[in-house]
Amino acid sequence: MTSGTYILIITMIPLSSTFIPQSPDTKETFVDKSAPGKEDETRNEKPPHDEERINRLHKERELIEMSEIEWVRGGGVLRDAQGRRDKARTERIRAELKLQEEEKAKMGRWKEYDDRWKALVASDKALAFADIPWPLRTAPSSRDTGAFTLPAISEFLFESLSIRSNTVMKKSRIRSSILRWHPDKSSLVIGRVVVEDVDAVREGIHAVFHCLKRLQDDERDNNNTV
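Here you go:
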């Protein structure tokens, strides 16, 4: 190298190592997938379109099931994927429809009985024997107090408790019925009964109350033996 000669050395800086300042509004998010549970959470996350697809499939299935029920209700027979009669599935739907009708009838009888009692209490008109909402599935004939038996009354009181959606306890049904048919309260009803039916109504009320007390005693004994 001769005297007075200078060498210019240029150092190339790779672009990847160039520092780019971060904007104050920019936030860096760091997810440590090695942390316990993080990898599973990432794997289990479903894209929004997958959830929409699942919901759509559920709705389509519900519509299919509803159409099958209506088809069987109308007397039709379901078929399988090969076009053969699907007797097992058809019979299952028929049994369910029959059960629904039975439950509807039970609830209907209880609702009618309860509504008649509410209307009777709210009114002040004169009453005949047939106007009393007796706790029986079939209304007794005129002044027939022999229909007030323990099996007949218990059948009516408890039949609606067997419905799948029922939340009323047997003990509660007995207690509310005793309060309704207690002689002290029923005296207000007897005071409105026409003369020719007073004795029959009084006898009927006492027969119903006696059956209810027996049901209460039986329920108490059953609970004590458990």
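Here the sequence shown stands for residues 1 to 226, numbered as in this note's numbering. A virtual CB, placed ideally from N, CA and C, is assigned to each residue, including glycine. Given the structure is predicted, the values throughout are model-derived calculations rather than measurements.
- The alpha-carbon of E159 is positioned some 6 angstroms away from that of K106.
- The beta carbon of V77 is closer than 7 angstroms to those of R85 and T90 in its chain, skipping five residues each way along the sequence.
- In the three-state reduction of the DSSP assignment, R173 falls in the helix class.
- For R116, the uninterrupted alpha helix (DSSP H) segment begins and ends at K87 to A122.
- Distances from the alpha-carbon of V198 to those of V168, T225 and F129 put F129 closest.
- Residues R137, F156, E159 and S160 of the same chain have their beta carbon placed closer than 8 angstroms to that of R109, with the five preceding and five following residues left out of the count.
- One alpha carbon belongs to I190, the other to D131, and they sit about 12 angstroms apart.
- Cβ-Cβ separation between S154 and L215: approximately 6 angstroms, consistent with a contact (criterion under 8 angstroms).
- In terms of CA proximity to L150, P135 leads the group E96, K87 and P135.
- Below 8 angstroms, enough C-beta pairs join the segment 199-210 and the segment 169-183 to call them touching: three or more.
- Under the three-state reduction of DSSP output, L215 falls in the helix class.
- Annotation for K185: the continuous alpha helix (DSSP H) segment containing it runs P183 to I190.
- Taking the C-beta atoms as reference points, I178 is found nearer than 9 angstroms to K213.
- A distance of 9 angstroms or more separates the beta carbons of L97 and R116.
- About 6 angstroms separates the beta carbons of E219 and K170, which is inside the 8 angstroms limit, making them a contact pair.
- Here L127 carries a strand assignment [DSSP, helix/strand/coil].
- Contact annotation, L127 with V168: C-beta distance approximately 28 angstroms; criterion of less than 8 angstroms not satisfied.
- Here the C-alpha atom of E62 lies approximately 14 angstroms from the C-alpha atom of R53.
- Taking a C-beta distance under 9 angstroms as the contact criterion, I93 and I69 qualify as a contact pair.
- With 16 or more other Cβ atoms from the protein chains shown falling within 10 Å of its own Cβ, A207 counts as buried.
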